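Comments concern the structure below.
Numbering (my numbering), first residue to last: 7 to 280.
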């Protein structure tokens, strides 16, 4: 890889961060942002999108950990996470569209479709926080463990993939984080980085899109997403961060990608746990 190709991702990241300030000033001129915390929130979305897009998941817990101290309205935070995540996954899936392995993806989707309503019901009827913190702790332990040992390769059948997909669907409904189990499982199959993302990236997007009507059907009027104009202003930052993350992804070899996945699992786990 040419030296100039290696220099492009850092340069793109720097330019993206520099663009946050004039973008925030434009929004302030239209009355859509009013405080320095709003500008920091836009930067947080960009950074979380960039980090999550390096491996294809983790935006929601990373961004939530940064946004909640900056914004007082949890409903608005959830709205930003929802819109940003769908935008990020849509751009990522489109970019990787030629790498999507539909044959390998279908068992995961079949399980995910079954698990998603269960996760939504658990979200509405169980005390969610303790379970999510436990999951966060497990992700931290798993990511740290895998950083310091040789990769594990498993042989699996479609039924095993469907079970993992169902677990991802449950977590998608319960914690808006459908990627954890599926990303771990794809890594354990010994696939290269592009093959892994060609399976779990569209899985995440489809689970997120399906979660909305399921939630509305199970508990109509309870979500209160409040799709305000302010929430939409975070989309450009999310997309710009995604472009940065994808540029970094292309520079990684499979070993570096595996390490990045484990680091993002640790970071996402910390975001869920705290």
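Beta carbons are placed, not taken as given, at the ideal position from N, Cα and C, and that holds for glycine.
What you are looking at is a predicted structure, and each value in this text was computed from that prediction instead of being measured.
Based on Cα-Cα distance, which residue from the options lies nearest to residue i?
i	options	result
residue 16	84, 263, 278, 255	255
residue 247	59, 42, 33	59
residue 148	280, 268, 19, 22	268
residue 130	121, 28, 65, 180	180
residue 184	220, 223, 125	125
residue 22	42, 33, 50, 34	50
residue 155	278, 206, 261	261
residue 46	61, 27, 117	27
residue 264	249, 193, 236, 207	193
residue 190	72, 73, 146	146
residue 163	102, 109, 19	109
residue 200	102, 71, 29, 70	102
May I have the straight-line CA-CA distance separating residue i from residue j, to the nearest angstrom?
i	j	result
residue 228	residue 159	Low per-residue confidence applies at residue 228: pLDDT is 48, beneath 50, and the placement is therefore not dependable, though the value from the model is reported in the following sentence. Taking the straight line from one Cα to the other gives about 42 Å.
residue 5	residue 161	Residue 5 lies beyond the range of the chain shown here (7 to 280); nothing can be said about it.
residue 7	residue 97	Any reading at residue 7 needs caution, since the residue's pLDDT is 47, under 50, leaving its predicted position unreliable; the model's value is listed next. Near 25 Å, if we compare the C-alpha coordinates of residue 97 and residue 7.
residue 238	residue 44	13 Å
residue 100	residue 276	29 Å
residue 210	residue 24	30 Å
residue 174	residue 113	12 Å
residue 104	residue 204	8 Å
residue 55	residue 182	15 Å
residue 178	residue 212	10 Å
residue 48	residue 279	23 Å
residue 152	residue 32	44 Å
residue 250	residue 240	16 Å
residue 207	residue 165	20 Å
residue 259	residue 42	38 Å
residue 64	residue 271	7 Å
residue 132	residue 176	13 Å
residue 106	residue 128	31 Å
residue 198	residue 257	14 Å
residue 66	residue 76	15 Å
residue 82	residue 252	27 Å
residue 143	residue 220	28 Å
residue 223	residue 30	37 Å
residue 73	residue 236	14 Å
residue 57	residue 202	17 Å
residue 195	residue 19	32 Å
residue 71	residue 120	29 Å
residue 266	residue 188	16 Å
residue 150	residue 214	27 Å
residue 242	residue 157	36 Å
Return yes when the Cβ of residue j is within less than 7 Å of the Cβ of residue i, no when it is not.
i	j	result
residue 122	residue 218	no
residue 92	residue 244	no
residue 171	residue 118	yes
residue 116	residue 168	yes
residue 68	residue 273	yes
Any beta-carbon of chain B closer than 7 Å to the one on residue i?
i	result
residue 190	Of the protein chains in the structure, only one exists, and it is not chain B.
Quiz item: Is there contact between the segment 84-97 and the segment 126-139, where contact requires at least three CB pairs shorter than 8 Å?
Solution: no
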